[in-house]
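Asks: Input: one structure, supplied below.
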Amino acid sequence: MAEVIFDGIYKRYPNGVEAVRDFDLEIADGEFLVIVGPSGCGKSTALRMVAGLEEISGGRLFIGGQLVNDVLPRDRDVAMVFQNYALYPHMTVYNNMAFGLKMRKVHKKEIDRRVKEAAEMLDISELLDRKPKTLSGGQRQRVAMGRALVREPKVFLMDEPLSNLDTKLRAQMRAEIAKLHQRLSTTFIYVTHDQVEAMTLGSRIVVMQDGIIQQIDSPINLYNKPANIFVAGFIGSPPMNFLESCALPWLDLPEHVILGIRPENIALNPPNSANSVNAQIEHVELLGAETFLHLNLAGNVIIARAEAGIGHKMGDELTIGIDPQKIIQFDKSSGKALEIEGVRP
Ligand code: ADP
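Positions 3 to 347 (this note's numbering) are the ones given, in order, by the sequence shown.
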């Protein structure tokens, strides 16, 4: 077990791309930290620097109190799980899991103990004699995790480990990874582009854009108190709606303000007509348990979350009410959230 500290970490690739800049982050021992952001934002690069797979261009990286900038990957006591499982096709599951330990000259009995324990934890004990080609994608991913698990590392690094699985299996594996973390209490650093994965797994989440950290916070704070428009739009599905301040004239706000409104904070045909405006339904998405309405509000399209079964139709006119307390205000030029006394809790 170990804490991981990024102190002013910087990565410039030989081609000049600055993939990670000014990266400061302290990950506590045993924490489940998720790094999330769109493709190309630098999250894999950040993780690979912890693994020792990318050279660090600037700053200092500590694992368990030790400065590791120049420590070889195999001496860092970390284990990484990749998106493509990269199993050895000619080896059995058992040997795939045992291979790294054999290379490290771990005693045979100890290898056997670790492989069997990990197999049990991952529910793959029945598969130990099989070759990878006879396994499903989900089973292969478990073997890849087993291979990391047997190393008994101080830190687990996971780079989009579930991206190759279908939606249902992904949800199941998410739950299992969370359980695994609880059981092991080891530090996990998990990289994903999927905000749902980030929100459901992370005890803290780092949101990145263009190599720069935008916000480090708990899932609930990222959702309720995004630091800027980028984070506000990235976290949440359907995404937050953004409107020019003039779209809601009763608010009487200055022009440099952008309003952020979550789809669930739009009241449809509210009994009280204060704080309401007229809108027209442009499109209806029926999802079973709920419905998303795409509404035209004075030329802006916004999405509202509605109860299922109300029978809203395309073309219907309705009034919408928006509680001013639930509106997040952003500065138009910087994109930063405005701290407003009494409005944001
Ligand atoms: P992410 O994991 O968020 O998709 P990456 O860390 O893989 O992003 O990449 C960040 C940026 O660095 C991208 O612009 C990418 O093109 C660039 N990059 C990644 N690897 C290399 C490399 N080996 N050489 C040059 N540029 C790279």
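By construction, the Cβ of each residue, glycine as well, lies at the ideal position given by its N, Cα and C atoms. All figures in this text were calculated on a predicted structure; none of them were measured in a lab.
For residue 296, which beta-bridge partners are listed by DSSP?
Replies: 285 and 305
Asks: When DSSP builds the beta bridges, which residues end up paired with residue 64?
Replies: 7 and 69
Asks: For residue 12, which residues of its own chain have a beta-carbon under 8 Å away from its beta-carbon, when the five flanking residues on both sides are left out?
Replies: 20, 22, 23, 24, 25, 58, 59, 60 and 61
Asks: Run through the DSSP bridge pairs and tell me what residue 327 is partnered with.
Replies: Partner(s): none; residue 327 has no beta bridge.
Asks: In chain order, what residues have a CB nearer than 6 Å to some heavy atom of the ligand ADP?
Replies: Those residues are 15, 17, 19, 21, 39, 41, 42, 43, 44, 45, 46 and 47, given in chain order.
Asks: So which of 115, 246, 4 and 303 has the shortest CA-CA distance to residue 329?
Replies: Closest by C-alpha distance to residue 329, out of 115, 246, 4 and 303, is 246.
Asks: Can you tell me which of 141, 186 and 164 puts its alpha carbon nearest to the alpha carbon of residue 156?
Replies: Ranking 141, 186 and 164 by Cα distance to residue 156 puts 186 first.
Asks: Got a sec? Which residues, its chain only, sit under 6 Å from residue 319 by beta carbon, not counting five neighbours each side?
Replies: Within the same chain, residue 319 has close Cβ partners 282.
Asks: Roughly how far, in whole angstroms, is the beta-carbon of residue 322 from the beta-carbon of residue 191, given that I think they are within contact range, below 8 Å?
Replies: Wrong, their Cβ atoms sit about 42 Å apart, outside the cutoff.
Asks: Quick one: what's got a C-beta closer than 7 Å to residue 14's C-beta in the same chain, skipping five residues either side?
Replies: So the qualifying residues of the chain are 20 and 59.
Asks: Expressed to the nearest angstrom, what Euclidean distance is found between the alpha-carbon atoms of residue 267 and residue 226?
Replies: 12 Å
Asks: Count the other CB atoms within 10 Å of the CB of residue 243; is the residue buried (16 or more) or exposed (fewer)?
Replies: Counting Cβ neighbours within 10 Å, residue 243 comes out buried, since at least 16 surround it.
Asks: Could you give the distance in angstroms between the alpha-carbon of residue 176 and the alpha-carbon of residue 103?
Replies: 27 Å
Asks: Are the Cβ atoms of residue 39 and residue 217 separated by less than 8 Å?
Replies: no
Asks: Could you give the DSSP three-state label for residue 101: helix, strand or coil?
Replies: Three-state DSSP puts residue 101 in a helix.
Asks: Could you tell me which residues DSSP pairs with residue 217 in its beta bridges?
Replies: 209
Asks: What number of angstroms, rounded off, separates the C-alpha of residue 43 from the C-alpha of residue 232?
Replies: 12 Å
Asks: Please return the same chain residues whose Cβ sits closer than 8 Å to the Cβ of residue 101, not counting the five positions on each side in sequence.
Replies: 90, 93 and 149
Asks: Below 8 Å, how does it come out for the segment 193-206 and the segment 162-169: are there three or more Cβ pairs, yes or no?
Replies: yes
Asks: With H, G and I counted as helix, E and B as strand and the rest as coil, what does DSSP make of residue 86?
Replies: coil
Asks: Report the rounded CA-to-CA distance for residue 230 versus residue 202, giving the unit in angstroms.
Replies: 21 Å
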